[in-house]
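Working notes for the structure below.
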Amino acid sequence: MKENSGMIYDDVEKCVDEVINYIGKDITFSMTLALGKPVRFINELYKRAKKDPELKLKIITALSLEIPKGSSELEKRLMQPIMDKVFAGVPEFEYMKDFRAGTLPKNVEIFEFYSKAGSYINNPVAQQRHLSSHYTHVVRDALALGTNVFGELISYREINGKTMYSMACNPDICLETVRKMRELRAIGHKLVIIGEANKKLPFMYGDAVVEADAYDIILQGSNFDYELFCPPKDSVALSDHMIGINVSPLIKDGGTIQVGIGALGDAIVSGLILRNEHNAIYQEILEKAGIKRRYEKLIADWGDTGTFEKGLYGSSEMFVDAFMQMYKKKILKRKVYESIPLMKLINEGKLDPDCIPLDIIDQLIEIKAIHRKIKAQDFEFLTEFGILKQGLSYDHYTIIDENTRYSADMNEEKNRLEIRKLLGKKLLKGTVILGAFFLGPKAFYKDLNEMSEEERQLFAMSAVEKVNQLYGGEELRTLQRKDARFINTGMVASVFGAIASDQLENGQVVSGIGGQYNFVAMGHVLPKARVIIMIKSTKGSGKNLKSNIVFNYGHCSIPKHMRDIVVTEYGIADLRSKPESEVIAEMINIADSRFQNKLLEKAKKAGKLPQDYEIPAEYRNNTPQKIQALLKPYQSQGLFPQFPFGTELSALDVTLAGAMKGMKALAKGNILKMVKGILKELLRPIPNSAQPYIDRMNLARPVSISERFMRKMVVFALRNAKVLQASEQHPVSMSNRVEAK
C-alpha cells in the first residue's frame with residue numbers, strides 16, 4: 001500500500017483488505033472516544049476477525065457509544081419507540097453488541113480508558129482491561145501498547161477550490177496521534193492512518209482542519225454519510241438545579257468556563273441564563289437561599305451576580321450543548337485571539353475587539369509587537385487579525401491600497417496618522433470556545449451545520465495537549481483563560497476535600513479519569529482561577545440512602561492537597577488555603593443533615609475538630625424538602641424545568657420514564673413497600689387516566705399473565721409518582737406542563 005497518500009476509497013471491504021495485506025494479521029487498532037469513531041471501518045475489521053481466528057485484533061478506545069436497550073421487558077417497551085425515533089439510521093458497533101452478549105471471540109480484545117459511568121461495573125473483562133490514563137497521556141499509552149492502525153471520523157468540504165478535511169468532533173487525541181505515527185513511520189514502523197468521511201458531521205475549524213495527506217486512506221461516499229449518534233438530554237432534578245444555582249455566583253463576568261455533559265452541566269447553564277435574563281428573580285433566590293449572606297466574601301473576591309456584559313469564553317475538552325445554549329443566550333461571547341500582544345491589550349482594557357482604536361499601531365509599537373518600520377511579517381500579522389483592512393498589499397516598506405501607497409515607516413508621525421485610514425473596523429479570527437471533542441443531541445449538530453462558515457469559525461477545536469493544559473503555550477493560554485472556572489463532577493468527597501470521580505473504593509472502575517486531573521492542576525496554576533467540584537450530597541433512597549460526603553474513602557481521583565471548591569445542593573465549601581479543621585467544618589456544612597452528626601462525631605473522635613464544636617444552626621436543615629420549598633414555587637413561572645433546553649421525548653415518554661425510575665429506586669430502597677403496593681394494585685380497577693400510558697406501553701390488550709402483571713406495575717409506578725392523582729384532577733394542565741418541558 002502506498003503510504004501517506006490520502007487515497008479515496010468508497011469500498012470499506014477493499015480498504016480493510018489493503019490494511020490487512022500491509023500490516024498483517026496482528027492488528028492493534030486505536031480510535032478516539034465518543035462520536036469520532038469510524039463505524040463502518042471498525043465493523044468491517046471486526047467482522048474479519050470473527051471470521052478468521054488467526055487475525056489477532058486489539059481495539060484501544062474509549063466511550064463506545066451504545067444505543068440503550070433496556071434491561072427488563074418493561075424498560076424495553078418504554079425505550080424502544082424512543083430509541084427508534086432518536087437513533088434512526090445510526091449504525092451500531094458490532095464488537096460492543098457481541099461484548100455485551102458475551103460472544104466476543106477470543107482473538108479480539110477491547111481496552112478502554114473511559115466509559116459511560118457505571119456501564120462496566122462488575123464486568124470482570126472490562127475491569128481487567130481498563131486503561132487508567134489521563135486524557136493527555138492516552139496517545140503515549142496507546143502507542144506503547146503497539147498501535148499500528150488508527151482511524152477516526154472526519155468531515156470535509158471545499159475551501160478555495162480544494163477539498164479539505166476536518167477532524168471535526170474529535171481532534172482531541174487525533175492530531176497528536178497522526179503527528180506521532182508519522183514520526184514512527186519515519187524511523188521504519190509499519191503504520192496505517194484511516195479517515196472515514198461523513199458529510200453530516202459538522203465541519204469544524206481551529207486546529208482541526210487538515211489536508212487529505214494527513215491520512216493514508218480516506219473512506220468517502222454515500223455509504224459513510226450515516227446518521228450521527230446523539231444522546232438524548234438527561235432530566236434535571238430540582239436538586240441538580242440547586243447545584244447550578246450554587247455554582248452560578250462563582251462565575252465571573254469576562255472570565256472563562258469549563259463544564260461537562262449531562263444534567264449538572266445543563267443545571268449550571270440554566271442558572272447562568274437565569275442570572276443573565278431574570279436577574280431580579282435570581283437575586284431573590286440567592287437571598288432566600290442565604291447564598292449571598294453565607295458566601296458574601298467568596299462571591300465578592302471571586303465571583304459575580306450581575307448580568308454578563310463582557311461574557312464568557314469556553315475552554316473545555318468537551319464542547320457540549322450547554323455551551324451552545326450559552327452562545328445563543330449571548331453569555332458565551334468573550335472572544336480570544338491567537339496572539340499574545342493582542343490578548344495583553346484586550347485584558348488591560350486598551351483594545352476593544354469590536355472597535356479597533358485609532359492609536360492601535362502606536363500601542364503595538366510600544367509593546368514591541370511590531371517594528372517601527374513595519375516589516376512583511378508585521379504586515380501579515382496586522383492584516384490577519386483585521387487591524388489593517390482587507391485587500392491591502394505590501395512591497396518593501398510600502399503598504400498599497402489600490403493605487404495609493406503609504407509609507408510603512410512609523411518613525412514619522414505623519415505616516416502614523418496616514419496609516420489610520422487603512423485600519424479595519426474590528427478584530428478578525430476571534431473564537432468563543434476551544435474544545436477538544438463534541439457530543440450532543442440532534443439539535444446541537446443541526447445548529448452547527450446550519451451556521452454560516454464565518455459563525456462556525458467562532459468555535460475552535462484542537463487537541464487535548466492544548467486544551468487540557470498550559471504546556472507549550474503558557475503565556476498565551478494564561479492570557480486567554482483569565483478568571484477561569486473549571487467545573488467538574490465527583491462521586492464522593494471526603495471531609496478532607498479529596499474527591500473520588502472514576503473508581504469505587506473496592507477497585508471497580510466507574511468511568512475513567514478523563515481530563516479531570518488536568519483541569520484541576522490548571523486551576524491551581526492559572527492566576528485567579530478556581531476549581532469547582534460538584535457532588536450530589538446523597539445517593540440511593542430509603543434504606544439504601546447514603547451520603548456522598550464521607551469521613552474517608554478508599555480511593556481518590558483528586559487528592560486533598562489539590563482541594564479547592566466543593567459544591568452540593570446545600571451550599572459551597574471553599575477549601576483553598578484553609579487548615580484541616582476549617583475544611584472539615586465547611587464540608588459538613590454542605591452535607592445532607594441526616595448524615596451530619598455522624599460525620600461530626602467521627603471528626604471529633606479522630607481529633608480533627610474541637611470537642612465543643614457544633615454545626616452552625618443555619619446549616620442543620622439541609623434536606624430535600626428545603627430545596628423543594630425554595631424552588632418548587634418558581635416552576636409555575638416556567639423556571640427550573642425538567643429539561644431546560646428541550647427534549648425529543650413526548651409528554652407521555654417523560655412521565656413514564658420518571659415513574660419507572662421512581663419505581664426502580666423504590667425497589668432498591670424499600671422493596672417491601674413496592675411489593676405491597678403492586679399487590680394492592682392487583683385488586684384495583686385500572687383508572688381511566690392511566691389508559692394513555694398503558695396504550696403507550698402496548699399493554700392495552702394483554703395476551704398473557706405476564707403482560708397483565710406488567711400493566712399493573714405500570715399503574716403502580718404512575719400512582720407511586722403521583723401522576724394518576726394529578727391527571728385525574730388536572731388532566732389538561734398537566735399535559736401542557738409536561739409538553740412545555
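Residue numbers (the numbering used here): 1 to 741. From the three backbone atoms N, C-alpha and C, an ideal C-beta is built for every residue, glycine too.
Inter-residue Cα distance where the pair is residue i and residue j
i    : j    : result
A214 : V192 : 11 angstroms
E380 : L422 : 14 angstroms
M734 : Y693 : Interpretation of M734 is limited by its pLDDT of 32, a score under 50 that renders its predicted location unreliable; the figure taken from the coordinates is listed afterwards. Each residue's alpha carbon lies about 14 angstroms from the other.
V12  : G188 : 26 angstroms
K58  : L35  : 20 angstroms
D359 : E418 : 11 angstroms
N698 : L652 : 13 angstroms
V210 : L153 : 13 angstroms
I549 : L332 : 33 angstroms
Q628 : P527 : 38 angstroms
I268 : D354 : 28 angstroms
T489 : S593 : 21 angstroms
A726 : A665 : Residue confidence is low: A726 scores 46 on pLDDT, short of 50, so the model does not pin down where it sits. Its coordinate-derived value is still stated next. Cα to Cα, the separation comes out at about 21 angstroms.
K328 : V432 : 12 angstroms
L74  : P624 : 29 angstroms
G540 : K668 : 8 angstroms
K426 : S132 : 46 angstroms
L682 : L718 : 14 angstroms
E739 : N688 : For E739, the pLDDT reaches just 32, beneath the cut-off of 50, and the residue's location in the model is therefore unreliable, although a value from the coordinates is still provided. Near 20 angstroms, if we compare the C-alpha coordinates of N688 and E739.
L428 : F319 : 22 angstroms
R708 : P702 : 6 angstroms
I218 : G89  : 22 angstroms
V743 : Y205 : Shown here, the chain extends from 1 to 741; a query on residue 743 therefore has no answer.
G221 : K414 : 59 angstroms
D216 : Q80  : 39 angstroms
V86  : G542 : 34 angstroms
R294 : A573 : 11 angstroms
Cβ-Cβ separation, residue j to residue i (assumed contact under 8 angstroms), whole Å
i    : j    : result
A436 : S462 : 6 angstroms
C230 : G440 : 7 angstroms
P232 : A208 : Actually they do not touch by this definition, with Cβ atoms about 26 angstroms apart.
G146 : T28  : 4 angstroms
Q258 : F486 : 5 angstroms
I374 : A408 : 4 angstroms
N784 : K482 : This structure does not reach residue 784, given that the chain is present from 1 up to 741, and the question cannot be answered.
T136 : N468 : 5 angstroms
A700 : A659 : About 17 angstroms separates the two Cβ atoms, so there is no contact after all.
Y445 : P202 : 6 angstroms
Y46  : Y95  : 5 angstroms
V744 : M534 : With the chain represented from 1 up to 741, any question about residue 744 goes unanswered, as that position is not in the structure.
V139 : T163 : In fact, because the Cβ distance is near 27 angstroms, the residues do not count as touching under 8 angstroms.
Y9   : P91  : Incorrect: roughly 18 angstroms between the Cβ atoms, too far for contact.
T305 : L286 : 6 angstroms
Residue span of the alpha helix (DSSP H) that contains residue i, given as start and end
i    : result
G327 : For clarity, residue 327 is Tyr in the given sequence; the question names Gly instead. Looking at the DSSP string, the run of the alpha helix (DSSP H) that includes Y327 is D321 to K328.
K664 : A651 to G669
Y634 : P624 to Q635
K712 : I705 to N720
K288 : N279 to A289
M83  : E73 to V86
Y95  : E94 to A101
I299 : E296 to W302
Boundaries (first-last residue) of the beta strand (DSSP E) holding residue i
i    : result
V567 : I565 to T568
G571 : G571 to D574
Y693 : Not the beta strand (DSSP E): Y693 falls in the alpha helix (DSSP H), residues Q691 to R696.
Y165 : K162 to S166
M7   : M7 to Y9
I218 : I217 to L219
Paired residues, beta bridge with residue i - DSSP
i    : result
G314 : I257 and I433
G151 : M31 and I194
T404 : D401
T538 : S547
Y226 : BP columns for Y226 are empty, so no partner.
V108 : L57
V19  : Note: V19 sits in no beta bridge, so no partner.
L388 : L423
In chain order, each beta strand (DSSP E) run of at least 3 residues that lies wholly inside the stretch 434 to 522: 459 to 461, 484 to 489 and 492 to 494
3-residue-minimum beta strand (DSSP E) runs that sit fully inside the stretch 35 to 61, ordered along the chain: 56 to 61
Completely contained beta strand (DSSP E) runs for the stretch 185 to 213, where each covers 3 or more residues: 192 to 197
Length at least 4, wholly inside the stretch 352 to 383: the alpha helix (DSSP H) runs in chain order: 360 to 366
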